[in-house]
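Report on the structure given below.
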Amino acid sequence: MRILSIARLIVLLSLPAIAANNLRIYFVDVEGGAATLVVSPSGESLLADTGNPLPDDRDAKRIYAATRQAGLKKIDYLVTTHFDGDHSGGVAALVKMIPIANFYDHGDTTEAEKPRDIERWNAYKAAAATGKRVSVKPGDRIPLRGVKVDVVSSNGDVLAKPINGGGPNPLCQGARQKDPDTTENARCLGFLLTYGKWKFLDLGDLTWDKEMALACPVNKVGRVTLLQATHHGFFGGRSGAPALVDAIQPQVVVVNNGPRKGLGTPDLYEELTGIPGIQGIWQGHLSLALDKQHNTSEDMIANLEPSEQCQGHVLTVTVEPDGAFTVTNSRNGFSKTYRTR
Numbered sequence: 072m073r074i075l076s077i078a079r080l081i082v083l084l085s086l087p088a089i090a091a092n093n094l095r096i097y098f099v100d101v102e103g104g105a106a107t108l109v110v111s112p113s114g115e116s117l118l119a120d121t122g123n124p125l126p127d128d129r130d131a132k133r134i135y136a137a138t139r140q141a142g143l144k145k146i147d148y149l150v151t152t153h154f155d156g157d158h159s160g161g162v163a164a165l166v167k168m169i170p171i172a173n174f175y176d177h178g179d180t181t182e183a184e185k186p187r188d189i190e191r192w193n194a195y196k197a198a199a200a201t202g203k204r205v206s207v208k209p210g211d212r213i214p215l216r217g218v219k220v221d222v223v224s225s226n227g228d229v230l231a232k233p234i235n236g237g238g239p240n241p242l243c244q245g246a247r248q249k250d251p252d253t254t255e256n257a258r259c260l261g262f263l264l265t266y267g268k269w270k271f272l273d274l275g276d277l278t279w280d281k282e283m284a285l286a287c288p289v290n291k292v293g294r295v296t297l298l299q300a301t302h303h304g305f306f307g308g309r310s311g312a313p314a315l316v317d318a319i320q321p322q323v324v325v326v327n328n329g330p331r332k333g334l335g336t337p338d339l340y341e342e343l344t345g346i347p348g349i350q351g352i353w354q355g356h357l358s359l360a361l362d363k364q365h366n367t368s369e370d371m372i373a374n375l376e377p378s379e380q381c382q383g384h385v386l387t388v389t390v391e392p393d394g395a396f397t398v399t400n401s402r403n404g405f406s407k408t409y410r411t412r
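Per my numbering, the very first residue in the sequence shown carries number 72; after that it's consecutive.
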């Protein structure tokens with residue numbers, strides 16, 4: 072019995088060390104905005120976007136709850152992909168809940184003209200003044216310890232040269248082009264996070280024309296393991312260029328959609344399911360704009376209700392050093408484990 076107890080104690084004591092080697096990602100539900108919390112194996116954290124500016128601070132509270140779940144006392148890096156309200160609006164409330172050390176963005180917005188936009192932009196600048204603000208360009212790195220974070224797009228520019236094994240892209244031949252977008256979306260700060268052979272791509276709401284610049288004539292980001300679907304699931308067809316999405320061949324896609332935002336038409340969902348080699352699609356929400364056959368399996372959807380009843384369940388990803396990764400739905404405990412190609 073004593074030998075058994077000692078053996079059991081050794082196992083228990085070894086568990087934190089094993090867990091410390093894992094990368095964790097929390098896809099916080101902000102119902103059609105974005106808030107993606109990354110905790111590296113070193114224990115440092117990166118939050119990509121802060122959701123919506125709501126009177127009850129719903130999104131900031133949900134993000135703060137995720138930081139508590141992750142055991143964080145501060146956020147080391149806040150990456151704001153762009154300054155639309157559903158991606159930057161929660162920062163003023165969040166910075167009052169948890170310290171943020173570094174603020175990374177694409178540079179000053181040029182769209183703060185309406186009173187609400189000016190107010191939101193001023194709120195971001197005030198929040199950023201509590202830490203260190205850095206504006207980045209493609210090719211820069213965000214120094215999150217334990218992983219590599221490469222900036223692949225920012226302020227309307229994209230990488231000049233391929234990384235991650237990227238190269239000539241045969242899908243560019245005859246690929247559809249769209250007119251240049253002049254909104255904040257086209258200026259998104261997108262990044263590629265690398266942990267060994269495991270890769271995560273988050274482009275925010277980057278637009279079709281900028282996706283094409285990343286993809287053609289050369290795929291500049293190579294293949295990835297996990298993709299956060301651009302613009303909440305190619306919302307409105309303004310993102311999701313197949314020349315990029317099919318070239319990067321993600322094994323798993325997470326769609327940060329809302330009940331009626333993102334994945335608005337069957338062809339957008341079919342575009343996701345048609346990605347070569349796709350193994351799993353996970354959604355933040357059941358899309359009420361689509362019939363059930365054009366949503367993923369309900370086990371893989373974090374929230375099924377309209378906003379009024381939504382509980383804000385989270386999708387979490389845990390990545391082990393050997394590249395095995397598990398996606399878990401906090402609503403029902405359902406999980407699936409994948410092996411990185």
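Just so it is clear, CB atoms sit at the ideal spot from N, CA and C, and this is done for glycine as well. Owing to the predicted nature of the structure, the values given are computational and were not obtained by experimental measurement.
- For residue 134, the uninterrupted alpha helix (DSSP H) run begins and ends at 129 to 140, by DSSP.
- Judged by DSSP in its simplified three-state form, residue 372 adopts strand.
- In the structure shown, residue 290 falls within a coil segment according to DSSP collapsed to helix, strand and coil.
- Shown here, residue 303 sits in a helix according to DSSP, grouped into three states.
- When C-alpha distances from residue 383 are compared across 259, 104, 351, the shortest belongs to 104.
- Contact between the segment 233 to 250 and the segment 187 to 207 is absent, with fewer than three C-beta pairs closer than 8 Å.
- Shown here, residue 350 sits in coil according to DSSP, grouped into three states, outside any helix or strand.
- The beta carbon of residue 295 sits closer than 6 Å to those of 270, 272, 319, 321, all from its chain and outside the five residues before and after it, given in chain order.
- Residue 330 sits away from residue 297, with the two beta carbons spaced by 7 Å or more.
- Taking a contact as a CB-CB distance under 8 Å, the pair residue 202 and residue 172 counts as one, their CB atoms being some 5 Å apart.
- Relative to residue 336, the option among 150, 361, 249, 155 whose CA is nearest is 361.
- Cβ contact annotation for residue 371 (same chain, cutoff 6 Å, sequence separation greater than five): 353, in chain order.
- Of the other Cβ atoms in all chains shown, 16 or more fall within 10 Å of the Cβ of residue 146; this residue is therefore buried.
- By a beta-carbon distance limit of 8 Å, residue 206 contacts residue 176. Their separation comes to about 6 Å.
- By the neighbour-count criterion, in which 16 or more other beta carbons inside 10 Å mark a residue as buried, residue 410 falls on the exposed side.
- Under the three-state reduction of DSSP output, residue 173 falls in the strand class.
- Rounded to the nearest angstrom, the gap between the Cα atoms of residue 257 and residue 138 is 29 Å.
- The C-beta of residue 122 has 16 or more other C-beta atoms within 10 Å across all chains shown, which makes the residue buried.
- DSSP places residue 158 in the helix class (H, G or I) of the three-state scheme.
- DSSP, reduced to helix, strand and coil, places residue 149 within a strand of the structure shown.
- Take the alpha-carbon of residue 130 and the one of residue 332: they are about 16 Å apart.
- Following the DSSP letters along the chain, one finds residue 189 inside the alpha helix (DSSP H) bounded by residues 186 to 199.
- A direct Cα-to-Cα measurement between residue 348 and residue 181 gives close to 39 Å.
- DSSP places residue 388 inside the beta strand (DSSP E), whose first and last residues are 386 to 390.
- For residue 265, the enclosing beta strand (DSSP E) has its first and last residue at 261 to 266.
- Within the same chain, Cβ atoms closer than 7 Å to the Cβ of residue 94 are found at 111, 112, 218, 266, 390, the five residues on either side in sequence being excluded.
- Residue 188 is positioned such that its CB atom lies no closer than 7 Å to that of residue 209.
- Setting aside the 5 residues that flank it on each side, residue 394 is surrounded in the same chain by 267, 268, 269, 410, 411, each with a C-beta closer than 7 Å to its C-beta; the list follows chain order.
- Nearest C-alpha to residue 159 among 107, 136, 140: 107.
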